[in-house]
Amino acid sequence: MAASANLSSFCHYQAKLLPALSITTNNTAHHRICISIIKNKKRKPHRKISNTTNCLSNETSTATLPIKQWSKAHGYHNMDNQDPQRTVLDYLTSLGFETGELEELQLPTTVDVMRERIQFLQKLGLTTDDINEYPLMLACSVKKNMVPVLDYLQKLGVRKSALADMLRRYPQVLHSSVVIDLQPVIKYLGGLDIKATEIPRVLETYPELLGFKLEGTMSTSVAYLVSIGVNPRAIGPMIAQFPHILAMRVGRIIKPFVDYVVSLGMSKQALAGVLEKKPYVLGFGLENQVKENVEILLRFGVRKQAMGSIIAQYPDVLGLELKTRLMSQMEFLDRNLGIGSEGFPKVLEKMPQVAALGQDPVLKRIELLNSWGFLREDMRRMIVACPQLLALNVDVMKHSFNYFKDEMRGSFQELVEFPAYFTYGLETRIKPRFRKLSEKGIKCSLSWFLNCSDQRFEERLHAEYIGIEEMEDEVPKTVTDESFVEEEEGSEEYEDSEDDEGSEDELDEIAYKRHLFM
Numbered sequence: 005m006a007a008s009a010n011l012s013s014f015c016h017y018q019a020k021l022l023p024a025l026s027i028t029t030n031n032t033a034h035h036r037i038c039i040s041i042i043k044n045k046k047r048k049p050h051r052k053i054s055n056t057t058n059c060l061s062n063e064t065s066t067a068t069l070p071i072k073q074w075s076k077a078h079g080y081h082n083m084d085n086q087d088p089q090r091t092v093l094d095y096l097t098s099l100g101f102e103t104g105e106l107e108e109l110q111l112p113t114t115v116d117v118m119r120e121r122i123q124f125l126q127k128l129g130l131t132t133d134d135i136n137e138y139p140l141m142l143a144c145s146v147k148k149n150m151v152p153v154l155d156y157l158q159k160l161g162v163r164k165s166a167l168a169d170m171l172r173r174y175p176q177v178l179h180s181s182v183v184i185d186l187q188p189v190i191k192y193l194g195g196l197d198i199k200a201t202e203i204p205r206v207l208e209t210y211p212e213l214l215g216f217k218l219e220g221t222m223s224t225s226v227a228y229l230v231s232i233g234v235n236p237r238a239i240g241p242m243i244a245q246f247p248h249i250l251a252m253r254v255g256r257i258i259k260p261f262v263d264y265v266v267s268l269g270m271s272k273q274a275l276a277g278v279l280e281k282k283p284y285v286l287g288f289g290l291e292n293q294v295k296e297n298v299e300i301l302l303r304f305g306v307r308k309q310a311m312g313s314i315i316a317q318y319p320d321v322l323g324l325e326l327k328t329r330l331m332s333q334m335e336f337l338d339r340n341l342g343i344g345s346e347g348f349p350k351v352l353e354k355m356p357q358v359a360a361l362g363q364d365p366v367l368k369r370i371e372l373l374n375s376w377g378f379l380r381e382d383m384r385r386m387i388v389a390c391p392q393l394l395a396l397n398v399d400v401m402k403h404s405f406n407y408f409k410d411e412m413r414g415s416f417q418e419l420v421e422f423p424a425y426f427t428y429g430l431e432t433r434i435k436p437r438f439r440k441l442s443e444k445g446i447k448c449s450l451s452w453f454l455n456c457s458d459q460r461f462e463e464r465l466h467a468e469y470i471g472i473e474e475m476e477d478e479v480p481k482t483v484t485d486e487s488f489v490e491e492e493e494g495s496e497e498y499e500d501s502e503d504d505e506g507s508e509d510e511l512d513e514i515a516y517k518r519h520l521f522m
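Here this note's numbering = 1-based position in the sequence shown + 4.
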């Protein structure tokens, strides 16, 4: 069965997911389902059942409306020649159901039993149109098929309110055997370290999983992800977040995506780290989204050698409706800051999240800088050098500025030269280090005492001689400390990066990949 996954609900940033999912339905000796495309312009293709023994009803009617009585009421007076199957089909037609796919199936011999099935499905929340999307569900017994399957799903933790939507998306589950078909899939998911409390959400998100063959696509996709460097312990959380991975063919979807991203300059190990955090990027269509967005970035002036870093910082950029967003943001920044077509690609390379930032929150931060006395040209230089200023928490920026002005007594020019000052933790880095500098009477640039690891700072602090060249040449490649991003509508929410012990070169390399907001 071919299916498509739409990830607006997984994508916090509203990026479309267009995976070409390839699904293998579970076939057992107990029941076999074969796919038959019904050429009917009024409805979607459905599956037809070749062996329906498992889903046919042998219910006996406690009829309040016998066949003869219902048939006579609808003009069928010669009951000796009237086929009971035909009567039930006519009854369904009178209610607006499409019966073309039911003609060859053995249906209940009474209208009352069929009415019971319809009412049961309607109580779940399904409409006539929903049932017409897959009318074969009317061939399932309430007692033998529907109740056991739905009871089992609810025992797993699936919400009753979610059952109707699950049946709309995967009605074939009603033909399943709980023991033969469903339980092995649940056991397999548990074996991937998916917590029992997360399985209901996985099934609600992607009920098609209940029809997969365990030895097919599911196992091969997991094996390939591990082979490129994904931590086996991360597989469970990845599937819980984006279960559609289990339906993706390695050769047709996952491997081509990996190969293309690696060709842009990102290592498989780095990509594995991205997938562990944001597995839904595998759902972005390679041809009509990923490659197209890369070309758009290049046309806006982004350097090809920076593409790997951009994806590492903000993988969602591969799935956005990018062209319109970038054009709008470039015009906005040029209008308010004078950042033209030359400065904009530099901003994108340092913080590609700017493509998704809301303009009202950004304007609030620009107005804040202006209120402190920074000139338009100063702000332009600051934003090009450190575009993270467009997304930082306003209150944090105020506290940092007040401390710089009142305690450090620095000049505005220092902040213009090193705007990344605002991205460092006031309590965790700025204050402690400035106090130590004050105790020793050391005067230095902001970048010299902030843009280094704690170990490197202590080495500098206790050195007998501090070279002037070292102080002046210390220019950060990017921000390496925590940031505080204000959560507002239209702005992106980024995680704080942590201080890492090690050499400054190592820190800069990590920062280059993360750009603070990974």
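Positions of the beta carbon are idealized from the N, C-alpha and C atoms, including for glycine. Since this is a predicted model, take the numbers as computed values, not measurements.
Item	Value
I'd like the list of long-range same chain contacts for LEU430, defined as Cβ closer than 8 Å, with 5 residues on each side in sequence excluded.	VAL400, HIS403, SER404, TYR407
Give me the residue from VAL285, SER223, PRO112, ARG256 with the minimum Cα distance to PHE246.	VAL285
How should THR209 be labelled, buried or exposed, when 16 other C-beta atoms within 10 angstroms of its C-beta is the threshold for buried?	buried
In terms of residues, what are the limits of the alpha helix (DSSP H) holding PRO368?	The question names Pro, but residue 368 in the sequence shown is Lys. Unbroken alpha helix (DSSP H) run through LYS368: 363-375.
Of all the options VAL420, THR103, GLY277, which has the alpha carbon lying nearest to the alpha carbon of ILE239?	GLY277
Would you call ASN292 buried or exposed, if buried means 16 or more other Cβ atoms sit within 10 Å of its Cβ?	exposed
For the region 137-146 against the region 87-107, do three or more pairs of beta-carbon atoms, one drawn from each stretch, fall closer than 8 Å, so that the two count as touching?	yes
If you draw a straight line from the C-alpha of PRO365 to the C-alpha of ASP320, how long is it?	20 Å
Exposed or buried, what is GLN417 when buried is set at 16 or more other beta-carbons lying within 10 Å of its beta-carbon?	exposed
For PRO236, count the other beta carbons within 10 Å of its own beta carbon; 16 or more makes it buried, fewer makes it exposed. Which is it?	exposed
Roughly how many whole angstroms lie between the Cα atoms of LEU99 and LEU213?	32 Å
Less than 9 Å between the C-beta atoms of PHE426 and SER451, yes or no?	no
Alpha carbon to alpha carbon, what distance is there between ASP87 and GLU219?	45 Å
Classify LYS354 as buried or exposed, calling it buried when 16 or more other Cβ atoms lie within 10 Å of its own Cβ.	buried
If you count every other CB in all the chains shown that lies within 10 Å of the CB of VAL298, and 16 or more means buried, which is it?	buried
State the beta-bridge partners of LEU207 as determined by DSSP.	Answer is none; LEU207 lacks a bridge partner.
How is the alpha helix (DSSP H) around TYR156 delimited, first residue to last?	151-160
Thinking C-alpha only, which one of ARG307, LEU178, VAL230 is nearest LEU279?	VAL230
Excluding the five sequence neighbours on either side, which residues of its own chain have a C-beta within less than 7 Å of the C-beta of PRO260, listed in chain order?	LEU290
When the distance is taken between beta carbons, is LEU326 closer than 9 Å to CYS314?	For clarity, residue 314 is Ile in the given sequence; the question names Cys instead. Their beta carbons are not under 9 Å apart, which means ILE314 does not touch LEU326 by this criterion.
Between which two residues does the alpha helix (DSSP H) harbouring GLY403 extend?	The sequence as given places His at residue 403; Gly does not occur at that position. 398-407 is the extent of the alpha helix (DSSP H) around HIS403.
Buried or exposed: THR432, going by 16 or more other Cβ atoms within 10 Å of its Cβ?	exposed
What number of angstroms, rounded off, separates the C-alpha of MET242 from the C-alpha of THR97?	45 Å
Which word fits HIS466, buried or exposed, when buried means at least 16 other C-beta atoms lie within 10 angstroms of its C-beta?	exposed
Are the CB atoms of LEU361 and GLN317 within a distance shorter than 9 Å?	no
With distances taken between CB atoms, is the gap from ARG413 to ALA395 smaller than 9 Å?	no
Identify which residue in VAL162, SER271, ASP410, VAL115 has its Cα closest to the Cα of GLY233.	SER271
Applying the 10 Å Cβ sphere with the 16-neighbour rule, what's the burial state of GLY194?	exposed
Of all the options LEU196, LYS199, LEU154, which has the alpha carbon lying nearest to the alpha carbon of PRO211?	LEU154
Considering only C-alpha positions, which residue in the set ASP133, ASP134, GLN89 is nearest to ASP116?	GLN89
Less than 9 Å separating the beta-carbons of LEU419 and ARG384?	no
Are the beta-carbon atoms belonging to VAL206 and ALA168 less than 9 Å from one another?	no
For MET150, collect the residues of the same chain with a Cβ closer than 7 Å to its Cβ; drop the 5 residues on either side in sequence, then sort them by chain order.	PHE124, CYS144, LEU178
Please report the Cβ distance between SER225 and ILE249, rounded to the nearest whole angstrom; I am assuming they are in contact, meaning their Cβ atoms lie under 8 Å.	6 Å
Return helix, strand or coil for ASN235, following the three-state DSSP convention.	coil
Going by DSSP in three states, ILE249 sits in which element: helix, strand or coil?	helix
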